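Numbering (the UniProt record's numbering), first residue to last: 1 to 398. Using N, Cα and C, we set each Cβ at its ideal position, and we do this for glycine too. In this text, all values refer to a predicted model and were calculated from it rather than measured experimentally. See below for the structure under consideration.
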């Protein structure tokens with residue numbers, strides 16, 4: 001908290017109180033505080049929200065047609081004047097519209113896959129009907145290779161969307177975490193901020209690199225090996241493909257558990273330590289500093305309450321921006337996965353064909369890419385939530 005804000009609250013926010021012998025006063029900082037309070041707005045106007053505006057502008061430029069009007073503007077106006085219920089409903093409607101839009105765009109791909117699969121099934125039946133089936137074998141192989149190319153292109157596009165989204169989320173977290181921690185320190189959570197900062201920055205960068213350079217290659221090679229195994233029955237590498245897939249899932253689950261456990265424990269431990277130490281400091285200033293001790297303590301409570309409201313409001317907004325950065329690419333990947341899974345399900349009555357197995361393999365691999373991206377977004381969302389909860393917990397202990 002700044003000295004200017006504390007002096008302002010000392011001058012205007014409190015009045016003389018009963019003597020110290022009546023006991024330690026009960027803090028009143030959150031009794032009627034809200035975003036419309038002058039002290040809250042004063043603190044909010046002093047924040048540099050350029051990074052928030054930059055990332056929000058990128059989202060609006062790319063997905064503006066699916067966002068409610070309240071989101072298209074300055075982050076400060078959204079927090080101070082936005083109706084979060086209306087914005088939340090508008091975002092849900094926009095995400096559903098975007099999903100159906102992507103499904104409609106991919107309907108052409110679905111039609112191409114169905115036509116090629118039907119043609120390949122007809123050629124496969126012709127191989128058994130005629131003795132001279134070399135021509136039909138060549139045509140069937142060509143159809144299979146075309147579908148392989150489509151599948152690999154779709155998978156490459158999906159991983160590209162996911163990598164771009166993860167890089168953007170890492171940049172967003174790196175740019176906004178210092179502000180969250182500064183607001184956390186302004187509420188008295190100095191120990192929490194000192195403990196969380198190096199840990200979260202390290203884990204964010206490690207997880208981003210892990211997903212891009214370990215998880216996605218494992219999923220990709222698993223899919224490729226599964227497709228290769230469908231070409232010929234003589235050369236099977238399905239066990240290796242399954243091992244790579246299981247390794248990717250296992251590594252992702254382990255790092256998710258480590259991230260959640262370490263960040264939660266560090267945040268809770270720092271918050272309790274801050275709450276106890278500041279409660280002791282308030283007690284000393286209220287009972288042992290003559291005349292102005294309790295007045296100063298109440299003024300500090302007022303400033304801390306205002307900082308807490310600013311931190312919570314900005315944290316909720318930042319978490320919303322983070323979810324949007326992950327949601328639109330995730331829905332794009334999910335639409336591709338739906339197309340391949342639907343193609344596999346629709347074409348199954350044509351018989352046991354390696355092409356249908358390839359479609360199912362690509363659909364499952366795309367689901368894994370979607371799950372990896374969603375997991376990263378959820379981990380970063382939890383990191384912001386822990387920072388918000390750390391300040392609230394320290395105030396509750398106090």
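| Asked | Found |
| --- | --- |
| Where residue 225 sits in the DSSP three-state scheme | helix |
| Identity of the residue in 227, 226, 112 and 203 nearest residue 258 by Cα | 203 |
| Burial state of residue 102 (16 or more Cβ within 10 Å) | buried |
| Residue 357 versus residue 48 - alpha carbon distance | 53 Å |
| Nearest candidate by alpha-carbon position, reference residue 150, set 385, 363, 369 and 376 | 363 |
| Straight-line gap, residue 339 to residue 117 (C-alpha atoms, nearest Å) | 14 Å |
| Residues of its chain near residue 324, where Cβ-Cβ distance is below 7 Å and the 5 sequence neighbours each way are ignored | 59 |
| Residues of its chain near residue 333, where Cβ-Cβ distance is below 8 Å and the 5 sequence neighbours each way are ignored | 158, 161, 162, 366, 369, 370 and 373 |
| Coil, strand or helix - residue 234 by DSSP | coil |
| Rounded separation between residue 155 and residue 144 - CA only | 16 Å |
| Buried versus exposed, by CB contacts within 10 Å (16 or more), residue 92 | exposed |
| Residue 107 versus residue 355: straight-line alpha-carbon distance, rounded | 19 Å |
| Secondary structure of residue 205, DSSP reduced to three states | helix |
| Nearest neighbour of residue 206, chosen from 113, 171, 62 and 70 [CA to CA] | 171 |
| Check whether residue 113 and residue 343 have beta carbons under 8 Å apart | yes |
| Local Cβ density within 10 Å of residue 176, reported as buried at 16 or more and exposed below that | buried |
| Residue 318 classed as buried or exposed, judged by whether at least 16 other C-beta atoms fall within 10 angstroms | buried |
| Exposed unless 16 or more other CB atoms sit within 10 angstroms - verdict on residue 105 | exposed |
| 8 Å contact criterion, which residue 216 and residue 244 should meet: CB distance rounded | No, residue 216 and residue 244 are not in contact; Cβ-Cβ is about 12 Å, not under 8 Å. |
| Of the residues 330, 326 and 316, the one placed nearest residue 389, counting alpha carbons only | 316 |
| Buried versus exposed call for residue 138 [16 or more other C-beta atoms within 10 Å across all chains shown] | exposed |
| Residue 47, DSSP secondary structure in three states | coil |
| Proximal residues to residue 347 (C-beta, below 6 Å), its chain only, five neighbours per side dropped | 117 and 356 |
| For residue 263, the nearest candidate out of 65, 194, 51 and 168 (CA to CA) | 194 |
| Cβ pair residue 376, residue 200 closer than 8 Å | no |
| Residue 329 classed as buried or exposed, judged by whether at least 16 other C-beta atoms fall within 10 angstroms | buried |
| Residue 322 beta carbon less than 8 Å from that of residue 169 | yes |
| Three-state secondary structure (DSSP) of residue 184 | helix |
| Alpha-carbon to alpha-carbon, residue 349 and residue 327 | 34 Å |
| Euclidean distance between Cα positions of residue 54 and residue 74 | 10 Å |
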